[in-house]
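Respectively, the protein sequence lines represent chains A and B. 13 is the number of the first residue of the first sequence in this note's numbering; add one for each residue after it. 294 is the number of the first residue of the second sequence in this note's numbering; add one for each residue after it. Glycine included, every Cβ here is placed at the ideal spot set by N, Cα and C.
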Amino acid sequence: DTGVSQNPRHKITKRGQNVTFRCDPISEHNRLYWYRQTLGQGPEFLTYFQNEAQLEKSRLLSDRFSAERPKGSFSTLEIQRTEQGDSAMYLCASSLIGVSRNNEQFFGPGTRLTVL
Amino acid sequence: KNQVEQSPQSLIILEGKNCTLQCNYTVSPFSNLRWYKQDTGRGPVSLTIMTFSENTKSNGRYTATLDADTKQSSLHITASQLSDSASYICVVSDRGSTLGRLYFGRGTQLTVWP
Numbered sequence: 013d014t015g016v017s018q019n020p021r022h023k024i025t026k027r028g029q030n031v032t033f034r035c036d037p038i039s040e041h042n043r044l045y046w047y048r049q050t051l052g053q054g055p056e057f058l059t060y061f062q063n064e065a066q067l068e069k070s071r072l073l074s075d076r077f078s079a080e081r082p083k084g085s086f087s088t089l090e091i092q093r094t095e096q097g098d099s100a101m102y103l104c105a106s107s108l109i110g111v112s113r114n115n116e117q118f119f120g121p122g123t124r125l126t127v128l
Numbered sequence: 294k295n296q297v298e299q300s301p302q303s304l305i306i307l308e309g310k311n312c313t314l315q316c317n318y319t320v321s322p323f324s325n326l327r328w329y330k331q332d333t334g335r336g337p338v339s340l341t342i343m344t345f346s347e348n349t350k351s352n353g354r355y356t357a358t359l360d361a362d363t364k365q366s367s368l369h370i371t372a373s374q375l376s377d378s379a380s381y382i383c384v385v386s387d388r389g390s391t392l393g394r395l396y397f398g399r400g401t402q403l404t405v406w407p
């Protein structure tokens, strides 16, 4: 257990429905990242926050995707009008910038999304 | 283009045997290289992290090497156990990136048979 938690662990939804995932990072970590991972691939960067500010979004993050970190602690990732291509593992990671130049990221267990 | 390539894509070994996984990268400028272990259906867990000045680092039965000149790394697993069955992902970070974005390989899927 890395200290990063994600809920739910699994989500099955029908195409066109909206889904929301939650990530609780390690409490003192100021950076939070979202990644998407499909079978047989490494994680792909989606977006990241420093405290409550969303500083970068990947081109993979279409208009149907939105992420928030309202109080600089937990974060939510919402996918609207889900498509079958959204089926993947969504990983959250957190890190503490400033202490270590290595910016080591600690990953949560992921949320497995299946869109039928 | 910053890339991380891993080989082999998959590997099957018998319990107790050793194995070596390879990682080649083109990420520049280089900051550090990490090896992660990812069990099926779980998030990646860090095994080792090496900076430019380090050429070997061990974590129990896992030993990682880094050749920053040739931009190659390896992960050696000794006396494999059934619990070593997982995907091993090589991840490289570029120097000076305030983003701290990581470049991921696709992973090597290791299966250890009894």
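If we count the other Cβ atoms within 10 Å of its Cβ and call it buried at 16 or more, is residue i buried or exposed?
| i | result |
| --- | --- |
| residue 334 (chain B) | exposed |
| residue 336 (chain B) | buried |
| residue 301 (chain B) | exposed |
| residue 345 (chain B) | exposed |
| residue 72 (chain A) | exposed |
| residue 83 (chain A) | exposed |
| residue 332 (chain B) | exposed |
| residue 325 (chain B) | buried |
| residue 52 (chain A) | exposed |
Looking only at its own chain, which residues have a Cβ that is under 7 Å from the Cβ of residue i, when we skip the five neighbours before and after it?
| i | result |
| --- | --- |
| residue 307 (chain B) | 406 |
| residue 121 (chain A) | 18, 21 |
| residue 68 (chain A) | 59, 60 |
| residue 98 (chain A) | 91, 125, 127 |
| residue 378 (chain B) | 403, 404, 405 |
| residue 359 (chain B) | 326, 343, 347, 348, 366 |
Can you list the residues of chain B that residue i reaches, using a CB-CB cut of under 8 Å?
| i | result |
| --- | --- |
| residue 103 (chain A) | 336, 337 |
| residue 14 (chain A) | 336, 338 |
| residue 122 (chain A) | 334, 335, 336 |
Note down, in chain order, each residue of its chain lying with its Cβ closer than 8 Å to the Cβ of residue i, except the 5 sequence neighbours on either side.
| i | result |
| --- | --- |
| residue 78 (chain A) | 89, 90, 92 |
| residue 313 (chain B) | 367, 368, 369, 370 |
| residue 86 (chain A) | 34, 35, 36, 37 |
| residue 23 (chain A) | 31, 33, 123, 124, 125, 126 |
What residues of chain A sit near residue i, judged by a beta carbon separation below 7 Å?
| i | result |
| --- | --- |
| residue 323 (chain B) | The premise fails here: residue 323 (chain B) is roughly 12 Å from chain A at the closest Cβ pair, so nothing lies under 7 Å. |
| residue 400 (chain B) | 54 |
| residue 359 (chain B) | Chain A residues near residue 359 (chain B): none, gap ~14 Å exceeds 7 Å. |
Three-state secondary structure (DSSP) at residue i?
| i | result |
| --- | --- |
| residue 96 (chain A) | helix |
| residue 78 (chain A) | strand |
| residue 13 (chain A) | coil |
| residue 39 (chain A) | coil |
| residue 51 (chain A) | coil |
| residue 362 (chain B) | coil |
| residue 387 (chain B) | strand |
| residue 108 (chain A) | coil |
| residue 70 (chain A) | coil |
| residue 376 (chain B) | helix |
So which residues of chain A does residue i contact, with C-beta pairs closer than 8 Å?
| i | result |
| --- | --- |
| residue 345 (chain B) | Near residue 345 (chain B) there are no residues of chain A at all, since even the closest Cβ is about 11 Å away, more than 8 Å. |
Can you give me the Cβ contacts of residue i inside the same chain, cut-off strictly under 6 Å, excluding the 5 residues immediately before and after it?
| i | result |
| --- | --- |
| residue 128 (chain A) | 26 |
| residue 402 (chain B) | 303, 380 |
| residue 28 (chain A) | 93 |
| residue 101 (chain A) | 49, 122, 124 |
| residue 37 (chain A) | 16, 44, 106 |
| residue 365 (chain B) | 317 |
Would you mind stating whether residue i and residue j have Cβ atoms separated by less than 7 Å?
| i | j | result |
| --- | --- | --- |
| residue 187 (chain A) | residue 115 (chain A) | Here chain A has residues from 13 to 128 only, and residue 187 (chain A) is not among them. |
| residue 357 (chain B) | residue 341 (chain B) | yes |
| residue 323 (chain B) | residue 54 (chain A) | no |
| residue 298 (chain B) | residue 317 (chain B) | yes |
| residue 33 (chain A) | residue 123 (chain A) | yes |
| residue 338 (chain B) | residue 330 (chain B) | yes |
| residue 395 (chain B) | residue 386 (chain B) | yes |
| residue 119 (chain A) | residue 103 (chain A) | yes |
| residue 382 (chain B) | residue 353 (chain B) | no |
| residue 109 (chain A) | residue 63 (chain A) | no |
Residues of chain A with a CB under 9 Å from the CB of residue i: which are they?
| i | result |
| --- | --- |
| residue 354 (chain B) | By Cβ distance, chain A contributes nothing, its closest Cβ being about 20 Å from residue 354 (chain B), past 9 Å. |
| residue 382 (chain B) | 54, 55 |
Using a C-beta to C-beta distance shorter than 9 Å, which residues of chain B count as neighbours of residue i?
| i | result |
| --- | --- |
| residue 119 (chain A) | 329, 331, 335, 336, 337, 338, 339 |
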